[in-house]
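First comes the structure, then the notes that go with it.
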Amino acid sequence: MNLFGQTRTSVSSRHALIAPDGHVPSQFPGWENATAIVIISPAMGAKLSQILITFKADSNQAPFPSDAHEHALYIESGSCQVTLPDRSLDLPTTSFLYLPPHTPFTLHGSSDARITLFRKIYQPLPDLAPPPITHGLASDVPGEPFLGFDNARLQTLLPLDPAFDLAINIFTYQPGATLPFVETHIMEHGLLMLQGQGIYRLEDAYYPVQAGDAIWMAPYCPQWFVAMGAVPASYLYYKDIHRLP
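Counting in numbering that gives the first Met the number 0, the sequence shown runs from 0 upward without gaps.
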């Protein structure tokens, strides 16, 4: 019990830090033995939703209907089976999956599964079909030095194809490594700290962050990160790409 009303969570009009100490579960129609923590959503001014999904028993389901939303998933722990209209996919830990709009699917997770799901309305381009279903293992994707800095490495999980209007990446920093400059750009971010700790600058505020924390950054939110502690820090993040404003 928190006797003094303290939390590391901070929500403003253009950025938010959501710490696990304030998580409140949601239940959705048709879900069985599955729980959602809606961490980021349009209710806070975002154009995406970021949802943490966990499962209470081996007999479970979390269905998603066919509509204009696209989805990108990352399996933090445990395993997940994704049932599609024409097949099923078995996804172990560190798997990622992209599902285009108008793709109904149902998630079935192991009792220790934790899944981060990004959800947004797809922005089509004339004469270009939406991307296909795409999946793989993040552990099979090599990390590339970011802007030549070997101690900050970026794993690009989805193809850099104009049909995609989103990207999901993993950024890993050695202790003491930083983003090389304070970024300010049109792209919106949803972010999950996967391991380690550090300090995240969002606009003019500096936040201690650690594994399990989530961050929302609106377009043009100045942002910067430094990894601190004895182990590398890494985070999973979403950004919107490939579309003219």
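Built from N, CA and C at the ideal position, the CB exists for glycine as well. Since we're looking at a predicted model, the values are computed, not measured.
Residue burial annotation: proline 130 is buried, with at least 16 other C-beta atoms found within 10 angstroms of its C-beta. Residue state for serine 138 is assigned as helix, using DSSP reduced to three classes.
The residue among Ile167, Leu127 and Pro174 with its C-alpha nearest the C-alpha of asparagine 150 is Pro174.
Pairing serine 138 with glutamate 202, the inter-Cα distance amounts to about 32 Å.
When secondary structure is reduced to three states using DSSP, alanine 42 falls in the helix class. DSSP places glutamate 182 outside any beta strand (DSSP E), giving it a letter other than H or E. According to DSSP, residue pairing for threonine 133 in a beta bridge involves Tyr97.
Beta-bridge partners assigned by DSSP to tyrosine 236: Asn168 and Leu190. The residues Ala210, Ala226, Gly228, Val230, Pro231, Ala232 and Ser233, in chain order, have a CB closer than 7 Å to that of glycine 195 in the same chain once the five nearest residues on each side in sequence are set aside. If you ignore the 5 residues before and after alanine 15, its C-beta comes within less than 6 Å of the C-beta of Trp215, all in its own chain and listed in chain order.
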